Amino acid sequence: QQVADNAQSLADGFLKRDATLVTGGTDNHLVLLDVSSFGLTGRQAESALLDAGVVTNRNSVPADANGAWYTSGIRLGTPALTTRGFGHDEFDSVAELIVHVLSNTEAGTTKAGGPSKASYSLAEGVADKVKGASAEMLDKHPLYPGLDLA
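Under our numbering, the first residue of the sequence shown carries the number 1323, and numbering increases by one thereafter.
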């Protein structure tokens, strides 16, 4: 139940930041974010988020204009972070970080000068800022809290 509750918290975090969810929300462990509202393809969003240390999967949305390779969405699941003890507040912060990355990512251009579905540019400093914030959250929720690896 906590996994689904956290997915709802993540969805709510996106919605309050005016991000578009494919179904308007979620009722399971997954959230499907339509990144076309950021002017990006799923491939660009997935890559920019990976640069910032956030692992997602690009995913098609219904009637996807970008097809199955580039896609218009990214899929996010909550089980792994729920296992680490993340709750409502942390998932709201995760949504904030993801929106920050996507809002600071611009689609690139092809060699011919047209819009690219693959290349992108991420504003300077954004990746490091998000990696730092993510590390802080993860440090507060170690995977094995009783295990001293030092």
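We treat Cβ as the ideally placed atom computed from N, Cα and C, and that holds for glycine.
Keep in mind that this is a model prediction, so the values were computed, not measured.
The beta-bridge partner set that DSSP reports for Leu1398 consists of Val1353. Between Thr1431 and Asp1356, the alpha-carbon positions lie close to 21 Å from each other.
Between the beta-carbon of Val1421 and that of Ala1374 there is about 12 Å, and that puts the pair past the 8 Å contact cut.
By the Cβ test, the segment 1408–1426 is in contact with the segment 1323–1341, since at least three Cβ pairs between them sit closer than 8 Å. Gly1335 is classed as buried because its beta carbon has at least 16 other beta carbons within 10 Å across all chains shown. The continuous beta strand (DSSP E) containing Leu1444 extends over residues 1437–1444. Assignment of Asn1328 by DSSP, reduced to helix, strand and coil, places it in the helix class. By the Cβ neighbour-count rule, Leu1362 is buried, with 16 or more other Cβ atoms within 10 Å of its own. Distance from the CA of Glu1368 to the CA of Leu1471, rounded to the nearest whole angstrom, comes to 31 Å. Within the DSSP bridge table, the entry for Arg1380 names Ile1396 as partners. In the DSSP assignment, Ala1374 falls outside any alpha helix (DSSP H) and carries neither an H nor an E. Taking a C-beta distance under 8 Å as the contact criterion, His1463 and Gly1407 qualify as a contact pair.
Non-local beta-carbon contacts of Asn1381 in its own chain, meaning distances under 7 Å to residues more than five positions away in sequence, involve Leu1354, Gly1364, Thr1393, Gly1395, Ile1396, Arg1397 in chain order.
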